[in-house]
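Note sheet for the following structure.
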Amino acid sequence: MAYDDGNVFAKILRGEIPCNKVYEDEFALAFHDINPQAPIHVLVIPKGPYVSFADFAAMADAETVAGFFKAANTVARELGLEAPGYRILANAGRDANQEVPHFHLHIFGGANLGRMIEKVRG
Ligand code: 5GP
């Protein structure tokens, strides 16, 4: 799947749409989700044009992958989530209902998050 420069996170990266930023470095931008699903719900996105986790893992160089995941770890720590705990999630493709085609991690926290996901029947 080709990267769509018009997706909402590309617009946020270009500064065309505002975001409530919590962290930025050369590898990643993190900001609050516009429709939070937990008391803390932050998105962490790489700065490069990667459609999905698979695209990022396959195409990004090792420094970029490491820098991105280290940035996500910094975000969770700076949000104060290390001690109480938190959840990281990445939706990929149709069955996960990935809405925005720019790879991103969700970081959820601030309360007990319950089960990993609702049980799904195949
Ligand atoms: P996905 O389903 O692709 O994993 O999640 C996309 C997330 O992006 C959703 O949780 C949605 O609320 C969030 N989102 C969509 N548009 C915007 C926006 O313009 N700003 C912010 N901050 N979040 C957005």
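Residue numbers are given in the numbering used here: position 70 of the sequence shown equals residue 643, and the series is strictly consecutive. Think of the CB as a built atom: it goes at the ideal place given N, C-alpha and C, for glycine as much as any other residue.
Proximity winner among the options, relative to residue i (alpha-carbon distances)
i    : options                   : result
G666 : A656, G658, H677 and R660 : H677
G687 : N664, N670 and Y659       : Y659
P622 : H679, D668 and A631       : A631
V624 : A583, A684, D668 and G695 : A583
P609 : M689, G683 and E651       : G683
F642 : G653, P657, A663 and A656 : A663
E691 : F600, I680 and A669       : A669
A639 : A611, E599, Y576 and G579 : E599
I607 : G588, F629, V581 and M574 : V581
M689 : E672, G695 and I661       : I661
E597 : E672, E589 and P619       : P619
P612 : L652, Q671 and G695       : L652
V615 : A635, G588 and R650       : R650
M574 : G695, F629, P657 and A656 : F629
Endpoints, alpha helix (DSSP H) assigned at residue i
i    : result
G640 : A635 to E651
A601 : Segment A601 to H605 is the beta strand (DSSP E) holding A601; no alpha helix (DSSP H) there.
I585 : V581 to L586
D628 : F626 to M632
For residue i: DSSP bridge partner residues
i    : result
G682 : I613
P657 : According to DSSP, which records beta bridges pairwise, P657 is partnered with nothing at all.
P674 : Answer is none; P674 lacks a bridge partner.
P619 : A601
Element boundaries [beta strand (DSSP E), containing residue i]
i    : result
V595 : K594 to E597
I590 : It is not in any beta strand (DSSP E) - I590 carries neither H nor E in the DSSP assignment.
Cβ-heavy atom distance, residue i to the ligand 5GP, below 7 Å
i    : result
F604 : yes
E597 : no
N664 : yes
L616 : yes
I690 : no
E672 : yes
V648 : no
Rounded Cβ spacing between residue i and residue j (contact assumed at less than 8 Å)
i    : j    : result
A603 : V617 : 5 Å
P674 : D578 : No, P674 and D578 are not in contact; Cβ-Cβ is about 10 Å, not under 8 Å.
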